[in-house]
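First up is the structure itself, then whatever we jot down about it.
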Amino acid sequence: MSQDKAFMTIPRVDPGYRSKEERVHDYKPVAKELAPEALREQALRCMDCGVPFCHGMGCPLQNVIPEFNHAASIGEWKKALEILLSTSPFPEFTSVICPALCEGSCVNGLNGDSVSIREIEHRIIETGFENGWVRPNVPAQHLEKAVAVIGSGPSGLAAAEMLNRQGIHVTVYEKAQYLGGLLRYGIPDFKLDKKIVERRIALMREEGIQFETEVEVGKDISPEYVLRKNDAIILACGARKPRDLNVPGRDFSGIYFALDFLTQQNRLNGAEVFSPDPFLNANNKRVVVIGGGDTGSDCIGTAIRQGAISVTQIEIMPKPPMARAQTNPWPEWPVLFKETSSHKEGCERRWCVNTLEVIGSNGKVKALRCVEVEWVRGADGRMSPVAKAGSEFILEADLVLLAMGFTGHAIPLVVEALNLSVDGRGTIIRDSSGKTSAQDVYIVGDVASGPSLVVRAIADGIRVANQCVQSLI
Amino acid sequence: MKAQGLYNPQNEHDACGVGFVVNLDGRAEHKIVEFGIKVLENLLHRGATGADVNTGDGAGVLFQIPHRFFKETVKANLPDAGAYAVGMMFLPQNDKDRAACVSLFESIAKEENFQVISWRDVPVQPQVLGLGALHEMPKIAQVFVTDKNGKLRGEDLDRALLVLRKRMEHECGRDAGGANGFYVASLSSRTIVYKGMMTAPQVPLFYPDLADSRVESAVAVVHQRYSTNTFPSWPLAQPFRFLAHNGEINTLRGNRNWMKAREKNIASPLFGEKVDKLAPILEDNTSDSANLDNVLEVLTLGGRKIGHSMTMLMPPAWGVKHSMGSDVRGFFEYHAGIMEPWDGPAAVAYTDGSWVGANLDRNGLRPARYTITKNGFMVFASEAGVLDIPASEVQEKGALRPGQMLLINLDTGRLYKNAEIKAQLARKQPYRRWVKENQIDIHGFFNAVGEVASDRNTLPKKQKLFGYTREDLDILLNEMASKGMEPVGSMGSDQPLAVLSEKPQLLYWYFKQLFAQVTNPPIDPIREELVMSLMTFLGIHDNFLAEEPAQARLVKLRYPVLSNEDLGRIRTLNLDDFKCATIKIMFPALVENKTPGKALDDGVKSLCAEVEKAIHAGNNIIVLSDKDIPDEMAPIPALLAVSAVNQHLSKMSIRTSCGLILETGEAREVMHFASLLGFGATAINPYLAFESVADMARHGELMSHLGVTEAIENFINAMNKGLKKVMSRMGISTLRSYRNAQVFEIIGISDSVVEKYFTGTANCVGGIGMEQIATEILMRWRASIESKDSILPVGGQYRYRKDGERHLWTPSSISDLQAATRNDDYGRYKKYAAQINDQAEKQSTLRGLFAMKPTTAIPLEEVEPASEIMKRFVTGAMSYGSISREAHESIAIAMNRIGGKSNSGEGGEDPRRYQLLPNGDSLSSAIKQIASGRFGVTSEYLVNAKELQIKIAQGAKPGEGGQLPGHKVNDEIARVRHSTPGVTLISPPPHHDIYSIEDIAQLIYDLRNANDQARVSVKLVSEEGVGTVAAGVAKARADMILISGYDGGTGASPLSSIKHVGAPWELGIAEAQQTLVLNGLRSRVRLQVDGQIKTGRDVVIAALLGAEEFGFATTILVVLGCVMMRKCHTNGCPVGVATQDPELRKRFKGSPEFIIHFFQFIAEEVREYMAKLGFRTFDEMVGHSDLLELNPAVSFWKTQGLDLSKIFHRVPAEASQVHCTEHQATGLEGALDYEFLNQIGDAIEKGRKVTIQHNVRNIHRTLGSLVSSRIARRYGYVGLPDDTITLDLKGSAGQSLGAFLSHGLTLKLEGEANDYIGKSLSGGKIIIRPPQGLTCPPEDNVIAGNVILYGATSGEVYINGCAGERFAIRNSGANAVVEGVGDHACEYMTGGRVVVLGLTGVNFGAGMSGGIAYVYDENGRFDSLCNTDMVDLDLLDESDEDELRALLENHVRYTGSPKASRILKTWGRERERFVKVFPMEYRRVLGAMSKKDEEVPRRAKAHE
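Here the protein sequences come in this chain order: A and B. Using this note's numbering, you'd call the opening residue of the first sequence number 403 and step up by one each time. Using this note's numbering, you'd call the opening residue of the second sequence number -5 and step up by one each time.
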């Protein structure tokens, strides 16, 4: 398929970001794009592996990557689109915000740079939109079956899309003003332009999917009622319960959960009519982000755009290696030191740091007392952090953002109303088809499997929706 | 022996030695019979014995009725010679049965107007027989009969006797073969056959008659049989009633089918009404040779002369590349319309008592040498030197060339040679004119292909209906349409068998192509294309006994792939006698009250009825079509339709004259076309494949940007090439005899369907019925009707796709295996193994369906240690060249450390690797492979082996050759392979020294001489009948037999070969085990298995089925880093495993430790199973197939009809007889070389000059090789200085004279020699000159056999006389001078110099990529004989002249050649008559360097 040994002769080219000076002043997407011609050449680097790990191991959607790469490489964008859409309902999301698990298992990555799969995917789907090739998937006919999807995040949308394609009447309930869940409220605009979300929702409406916004099931409407009115419910409510910082001084004001912080800025950007309370803004503040993950990084970029004096990100885990560790061989996802566009915009990052106490005055946070830790293997074989003697230090802070992950769902009312079985940690139990203990109630995405990637949420939504259809017809 | 388990007597093959002696003047003498027996005895080594060494496979003699002897011996009044007939009868030993037979015979004789004069008990000496033969010995009697009216005599009497015998055979309740103990060895007024289940020397002892001096004849035809199996059969001994045959009829099943189809319609005034009594013409349950004899008999007694009949049955190739007169061509074309060839390697000797003759097959695949003396005596035999004839009496020594024949008329005493015979035959009737006047000429037929419309709106729907996938388009059609070639892939096949796949499978996927191995050779469809033909006819006439112009009333098709236009032309022929009807092949998709299977079955039945009706209505071209069928109908699979119709019409005796054309949307790859033709289609129009190609071409999706018509033409070309390859794989040259030959086996279809619609096709595990077939069709039909998506399913046969076919190699199994072996993590290994082993839910392999029966377990500690088990492990043959040096050496180190064996693969080995590394590691591959290209096979290579492995076939592409393109032959590879960098290296499909079962015995013997300490193994690929081949190989004295699964193989190979050829090893190993145990041969050989063996469970299953050793290849590469790119053929392996690219090789991250970990894991897993099964030692486990059963947990809807009991069948035998418990006899004892070694004394050690004189004869084979092995052990390839040791020999040398001859050893032979002289010559010198006293000019004298210098790397050969076919084949460095050669000289040559001072045959220099030949072209016709595909014909330049002169001077000096002296004397005049045959690639490579420069390294190589 590919040119002989193009993987050796053509280097990977990344388009990079808009200049720092420019981008920190707006919320527009930071990533640049390669020209289609350049991407065609990049696509030639694909080796069309007999066993494509990108497709078979990396991509949760099982995108048939070698085939769309090949089609792209010969400029057959429409065919590429057809192949892409055969497995992926929303490539315009994943091609922008996915960490690209596929690239982590690309065979080229074994000895060099992987193929720019995500960017090729992006060009394919955007070319499709530009040329009007992306059409609503209207089912030939609708069956006498209806399913309600609770939540319009990636897994809910995916489930709704797949149900509708197979002729099920679908209503999506969303408690927020606008649709998209974390896509809309969790991810900053500079990473995902909300127009992209809106474009997809519009298509889905055309396909016949009903959307009910500002309706919170369990509050505004009873789950039992929804279940009565439908043949099944799919809960796609996310894992919205954030992990808290349990240290002395947590009560001081100025300490917020990352998602609240990000959501507010997204709502402002989206020109929603609301009164922010409290108003979470980093302008002129020394910001400390606790948590070294992607959410933390999003907080950094947002804080910088809001005009923070300084941003520091601390993480209790050690700094990841620059190259794959022995214990993390290809084709596993490479756990590597990563610098996002937000990091590059100016922040200090520290690893192996544990927060011991919040120091405040006047009810407001002033600083954090931290300590450096070492990770030591205990008698049970597990690694745990041990404070390094004499390493305590004070980190001054006016705004502390907690990006320490999520611990579970935030829908106790629904769980109670539908009488869903939960395990010891409060996680809702489901079987392999996605079904909960309650008749005709399914769960998908983060609410089922804990916080994870958008692409996994979509994959789970597709899978469970298909299982649901199976049981209905 | 009856069929049991996987053993089927249908698969028996035989081959052998054959010959005749004759007094040309027809004088009957006892001496002739005596000489015949002498010849027989001297051909003994071409025969074989079974487990019981005294029971030979059969031998016999056919001669004229000895009238004087009978007159004086028989106690009755015999009429004059010719007026009575003698029947040589094998009768039941049991008195009652015998009496019944005799009385039945007498009553039929009476009814047929014969008078039985007398019976005579033939005196026999049973005590000379072996036990097996004795047990089966019939009562042998002669019956004397005469025409009641006393009128009939000679041929007329024989004709009437044929009816008598046929009736007797039919009414005896069986068709001969002797199962009831009744068999007529001969019944003729002219000839008689004495034969039996014995070895040659036993024949005269058993039959004292033969020693009686009154037994006189002018001719004696003799035969020594080598049968693959050892089950005694007296009737299958040869000669038969007319002929004796050495070789194999590959097309037998097709020939039988056609004979059956037409035998009811034959007519002949000579037989009159009695012609009806001849059918069935072919005896059942007998050998190919016996069937050939059956037809020859009917043709000859039907009115044709015996020579004429033989020409019909075994025509030479008469394609455009063969120059012949128009009348002769007309003769062959006319007869091609009457009878399809009986095709395969064959030397046939025959006589009807009046004529004696011999024919050789079109490709010259058997040796056929003759000597005529001055006093009118002639001997013809498979070898030269079978009788001692003083040189002074010799008038002529010759050999039959491919397709040639000779005849002797005993009445007139006249000998006819080939050209004369054929010219006379051609003039018998105006055949050429008959053809010209009657053949139907269609304007524009098979001209340019027209535009094909394509419509993207409707195309996907059609494609889905016929199961198209994206792979079909992207991988198959694209490549074929773009390049005109089939696509290539690598790394075997690991997706489920069709019957285990969840995806709907086209019926073709349940079929596997058969292929030739050992008992006959595949053909090279590229380099020997001239013997092949895709030509075919519409409208064959049934009555082959007739000879009239109407039989030429035919439509000739150049090839069987019809363009849309050509089909249209046939449809609109508009001739009264060529009417065409189109009949839809379809059935209603949804019928109430009827299951889909029933609907399909009814559809097939009504189809057959409809076709029959159409034929009775006067149509004789039937187009079966699935084009444009209505939505509510589903297509009947084309293969099912064509086979059902073909068989139905055959049964109705209306098949032959009817053309069966398929217009199908299904057929799109070579396998589809091959199976459709193989089951009876005349021609195929693949309209949907055309439209798909057209669509891709229009949308620029093809790899090369081509127009529609060009793309379609490419596709047709690819298909034609592919078909030739498929036919050639089976050794079949013409489509006419491939058609309906059913050379397939079925895996996964129920017996009931096979019996009904694919009658007679091998099928051993049962499988799906009509219901499941219909379900699969309807799955496609639904996808086509219901979904509007234009996107096709992914496929996943050729590459891993989540949504496609399952594979065993997945990202997770690969990464688990790699992580496990890198980190020595047994837990991770078990995770890997579980993915392969647990197939209860998702089946992939046959073994995945097996379960082990519960037994009493033992503690793990009691099981033999892993270190012992690991010695049974070997790695697969992967050449250095196919994989990188790093990978190759890592494997060798690992295997040497654990006491297993690694395999060099084909392509030699760097001698550097024979030295131990400082840490004690050895890089030497314990197994050295001998493959068809013989690259790097030198005396030194062979002595550095622990095992010598003859690779007959490889799983990825059985029956095919290979090619290493010049650009991959770098300096190092060229050095190791003894060739020139940059020059393409071709491995031919066959071993050119194995065309038949007795040949492999010879090669094994050669290899034993080359290294008398190594074991010799033979690698076969699993297919139906492999057990029988294995038995033959065991009888050929191999120490180990490897059965490879079809799915293994790391090498690059056409995708259709990877997927559609051969069978899983579970079947092969079980069949081999069962057959060997049945034959009592198992204890003499070890059995090894390989092919996608991935886990300890695989090993245990194979062991239970009978394997003792286990090969791994793919897994080893994965362990070394392979990620199953399946792109090995591109040299672009990204992990440095399968590449020679220096940059990529740097990426190699493997290590011997990983391999060792892997084998430790496997052995541990094996031990765990052994403990569970209760086996303490591995040997106990071998062959315990009774512990296997079908896993009851498997509940897949397609596996319900599978019956694996034949695989699990355990032949009852003693424990010592089910695995290898004894050593194979080497046959080396008594080798002359040991005598030479004694006389040489310490000459090798001291390098002292010595000359030894000795007389030799044809039974002295492989002379000089043992001595060479001693030189190679001591000095390596460099050997000794020139002429240190000289063997001065006189007489007729046996086969393989001077094989592997080391440098410093010179063989001088005065006399003649047989085949394979100088095989793999390694620096030695061979000089052959005619015996003193020979009066005919040496240059006209055939003095040397076929296949000389095969794989020679250096050395010299001078032959003062002519040689046979394939002279200097695959020579890569030797220099040779010879005075004349047969066909295919210098084929595949890659280096060296060859001088031919006389005539050559055709196809000179085919596939010649290197070296130079100088041919003395006296009559200026050489360009018409040379295959110029790869070579230029040049004038000599100055340096050429120097080189040539030097060679000629040597020739004169060594042999005294008068012709060479003559030429040298008048050099100025003669030099311009020389043509230089210069391979184009070689010229390019030499480019900058002068020939002298090239000469220096070539010489240096020999002396380094």
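Every residue, glycine too, gets a C-beta built ideally from N, C-alpha and C.
In chain A, which residues lie with their C-beta within 7 Å of the C-beta of S806 of chain B? Residue 806 of chain B sits at position 812 when you count from the first residue of the second sequence. Per Cβ cutoff of 7 Å: M459.
Looking at C-beta atoms only, is the number of pairs between the stretch 284 to 291 of chain B and the stretch 377 to 393 of chain B that lie closer than 8 Å three or more? no
Hey, Y364 of chain B and V373 of chain B are a contact pair by Cβ (cut 8 Å); roughly how many whole angstroms apart? Counted from its first residue, the second sequence places residue 364 of chain B at position 370. Counted from its first residue, the second sequence places residue 373 of chain B at position 379. At roughly 6 Å, the Cβ-Cβ gap stays under 8 Å, so Y364 of chain B and V373 of chain B are in contact.
G1235 of chain B vs L1295 of chain B beta-carbon contact at 8 Å: Counting from 1 along the second sequence, the entry for residue 1235 of chain B is found at position 1241. Counting from 1 along the second sequence, the entry for residue 1295 of chain B is found at position 1301. Contact flag unset, no.
Give the C-beta separation of I863 of chain B and A1157 of chain B to the nearest angstrom, bearing in mind that I take them to be a contact with Cβ-Cβ under 8 Å. Position 869 of the second sequence, counted from the first residue, corresponds to residue 863 of chain B. Position 1163 of the second sequence, counted from the first residue, corresponds to residue 1157 of chain B. Confirmed, about 4 Å.
C-alpha gap between M697 of chain B and E473 of chain B, whole angstroms: Along the second sequence, read from residue 1 onward, the residue named residue 697 of chain B stands at position 703. Along the second sequence, read from residue 1 onward, the residue named residue 473 of chain B stands at position 479. In a straight line, the C-alpha of M697 of chain B is about 7 Å away from that of E473 of chain B.
Closer than 9 Å by beta-carbon distance: list the chain B residues that pair up with C451 of chain A, in chain order. The residue you call residue 451 of chain A lines up with position 49 of the first sequence. Here the neighbours are R793, Y794, V1117, M1118, M1119, R1120, K1121 and P1128.
Under 8 Å Cβ-Cβ, which residues of chain B neighbour M564 of chain A? Here residue 564 of chain A refers to the residue found at position 162 when the first sequence is read from its first residue. Residues of chain B passing the Cβ test: none, with the nearest at roughly 15 Å.
Any C-beta of chain B under 8 Å from that of M410 of chain A: Counting from 1 along the first sequence, the entry for residue 410 of chain A is found at position 8. True, the Cβ-Cβ gap to chain B drops below 8 Å.
Within 8 Å (strictly less), CB to CB, does Q464 of chain A reach chain B? Taking the first sequence and counting its residues from 1, the one referred to as residue 464 of chain A is at position 62. Closer than 8 Å: yes.
Taking 8 Å as the threshold (beta carbon to beta carbon), is V788 of chain B in contact with chain A? On the second sequence, position 794 is the one that residue 788 of chain B refers to. True, the Cβ-Cβ gap to chain A drops below 8 Å.
Going along the chain, which residues of the stretch 490 to 519 of chain A sit with their C-beta nearer than 8 Å to a C-beta in chain B? Flagged, chain order: S507, V509, N510, L512 and N513.
Residue burial classification, F676 of chain A (beta-carbon count within 10 angstroms, cutoff 16): Here residue 676 of chain A refers to the residue found at position 274 of the first sequence. So F676 of chain A ends up on the exposed side.
Determine the DSSP secondary structure at Q1068 of chain B, reduced to helix, strand or coil. Taking the first residue of the second sequence as position 1, residue 1068 of chain B is located at position 1074. Q1068 of chain B sits in a helix when the DSSP states are folded into three classes.
I'd like the list of long-range same chain contacts for T1171 of chain B, defined as Cβ closer than 6 Å, with 5 residues on each side in sequence excluded. For the purposes of this step, residue 1171 of chain B is identified with residue 1177 of the second sequence, where counting begins at 1. For T1171 of chain B, where only same-chain residues beyond five positions count, the Cβ hits under 6 Å are E858.
Roughly how far, in whole angstroms, is the beta-carbon of T1022 of chain B from the beta-carbon of H7 of chain B, given that I think they are within contact range, below 8 Å? Start at 1 with the first residue of the second sequence, and residue 1022 of chain B comes out as number 1028. Start at 1 with the first residue of the second sequence, and residue 7 of chain B comes out as number 13. The Cβ separation is near 7 Å, so the contact holds.
By the DSSP assignment, the alpha helix (DSSP H) with K458 of chain B in it spans what residues? Against the second sequence, residue 458 of chain B aligns to sequence position 464. Residues L453 to L459.
Between the C-alpha atoms of K456 of chain B and P481 of chain B, what's the straight-line distance to the nearest angstrom? For this step, residue 456 of chain B is matched to residue 462 along the second sequence. For this step, residue 481 of chain B is matched to residue 487 along the second sequence. Using only the alpha carbons, I get a separation of about 24 Å.
For the beta strand (DSSP E) containing H1248 of chain B, name the first residue and the last one. Translated into positions along the second sequence, residue 1248 of chain B becomes position 1254. H1248 of chain B -> beta strand (DSSP E) spans V1244 to V1250.
Give me whichever residues DSSP pairs with W777 of chain A in a beta bridge. Counted from its first residue, the first sequence places residue 777 of chain A at position 375. W777 of chain A is bridged to A:P787.
Whole-angstrom distance between K865 of chain B and G893 of chain B, CA atom to CA atom: For the purposes of this step, residue 893 of chain B is identified with residue 899 of the second sequence, where counting begins at 1. For the purposes of this step, residue 865 of chain B is identified with residue 871 of the second sequence, where counting begins at 1. The C-alpha of G893 of chain B lies about 5 Å from the C-alpha of K865 of chain B.
P391 of chain A lies in the alpha helix (DSSP H); which residues open and close that run? Because chain A is modelled from 403 through 875, residue 391 of chain A falls outside the range shown and cannot be assessed.
Rounded to whole angstroms, what is the Cα-Cα separation between G172 of chain B and A135 of chain B? Counting from one through the second sequence, the residue named residue 172 of chain B turns up at place 178. Counting from one through the second sequence, the residue named residue 135 of chain B turns up at place 141. Summary for G172 of chain B: the model assigns pLDDT 45, below 50, so the residue's position carries little reliability; its value from the coordinates is reported in the next sentence. Looking at the two C-alpha atoms, the distance is approximately 14 Å.
Beta-bridge pairing of I616 of chain B - partner residues as DSSP gives them: Here the question's residue 616 of chain B lines up with position 622 in the second sequence. According to DSSP, I616 of chain B bridges with B:A575 and B:L654.
Cutoff 8 Å; reference P413 of chain A; Cβ partners in own chain excluding five residues on either side: Residue numbering aside, residue 413 of chain A sits at position 11 when the first sequence is read from its first letter. Taken in chain order, the residues that qualify are D515.
Going by alpha carbons, who is nearest to E1475 of chain B out of B:Y220, B:G533, B:P959 and B:K951? Start at 1 with the first residue of the second sequence, and residue 1475 of chain B comes out as number 1481. Answer by Cα proximity: B:P959.
Paired residues, beta bridge with C1122 of chain B - DSSP: Residue numbering aside, residue 1122 of chain B sits at position 1128 when the second sequence is read from its first letter. Per DSSP, none; premise fails for C1122 of chain B.
For D1282 of chain B, name the three-state secondary structure that DSSP assigns. Position 1288 of the second sequence, counted from the first residue, corresponds to residue 1282 of chain B. Strand at D1282 of chain B.
Per DSSP, the bridge partner or partners of A845 of chain B: Numbered from 1 along the second sequence, position 851 holds the residue referred to as residue 845 of chain B. In DSSP, A845 of chain B forms a bridge with B:E1183.
If we cut at 8 Å on Cβ distances, does W775 of chain B have a partner in chain A? As a working mapping, residue 775 of chain B is identified with position 781 in the second sequence. Chain A contact via Cβ: absent.
Rounded C-alpha distance that separates K1192 of chain B from S495 of chain B: Stepping through the second sequence from its first residue, residue 1192 of chain B is reached at position 1198. Stepping through the second sequence from its first residue, residue 495 of chain B is reached at position 501. Straight-line Cα distance between these residues: approximately 8 Å.
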